[in-house]
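Peer 1:
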Amino acid sequence: MNKVQPIQMMTYFQSTIRNIGLYTSLSFGALAISRYHRDKIWSLNILLLIIAVVFIINTFYIIHYLRKDVQKYIHLDEFKQLKQWMIIPTIMEYVNYTLILVSLYILIKQF
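For reference, each letter of the sequence shown is one residue, going 19 to 129 in my numbering.
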């Protein structure tokens with residue numbers, strides 16, 4: 019296994035958090051656009067709701083793999099500072115749980 023420097027792990031962590039935020043924002047955007055098309059074009063509305071759900075599911079995979087990667091190194095002394103930052107993926111995960119519940123509710127309500 020290659021020796022990972024703390025700066026490399028922090029860069030990886032920050033990039034992954036940024037990607038989680040990006041996919042969450044894309045999901046919000048798809049929900050907003052689907053709201054605009056709600057009473058106009060039914061198929062586009064449904065497609066955008068499905069896209070929003072797919073983006074949210076993608077964030078769950080990213081969060082899972084981030085936690086898995088960080089757990090390999092968090093027990094080492096030079097990576098102890100990562101432990102304090104692990105609350106951020108948890109908060110983002112709960113935000114995405116809420117968002118997926120809302121998205122699925124809206125999707126089911128369309129039928």
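Ideal Cβ placement from N, Cα and C applies to all residues, glycine included.
Within a Cβ cutoff of 6 angstroms, which residues of the same chain sit near Ile74, ignoring the five residues on either side of it in sequence?
Peer 2: If we look at Ile74 and ignore the five residues flanking it on each side, its Cβ neighbours are Ser45, Asn114, Leu117, Ile118.
Peer 1: Identify every run of the alpha helix (DSSP H) within the segment 65-108, keeping only runs that are complete inside it and at least 4 residues long; order them along the chain.
Peer 2: Every unbroken stretch of the alpha helix (DSSP H) spanning 4 or more residues and falling wholly within the segment 65-108 is given here in chain order: 99-103.
Peer 1: To the nearest angstrom, how far is the alpha carbon of Ile126 from that of Val120?
Peer 2: The alpha-carbon atoms of Ile126 and Val120 are separated by roughly 10 angstroms.
Peer 1: Quick one: what does DSSP say Ile124 is sitting in, helix, strand or coil?
Peer 2: helix
Peer 1: Helix or strand or just coil, what does DSSP make of Gln23?
Peer 2: coil
Peer 1: Measuring CB to CB, does Ala13 end up less than 8 angstroms from Leu62?
Peer 2: Any question about residue 13 goes unanswered here, given that the chain covers just 19 to 129.
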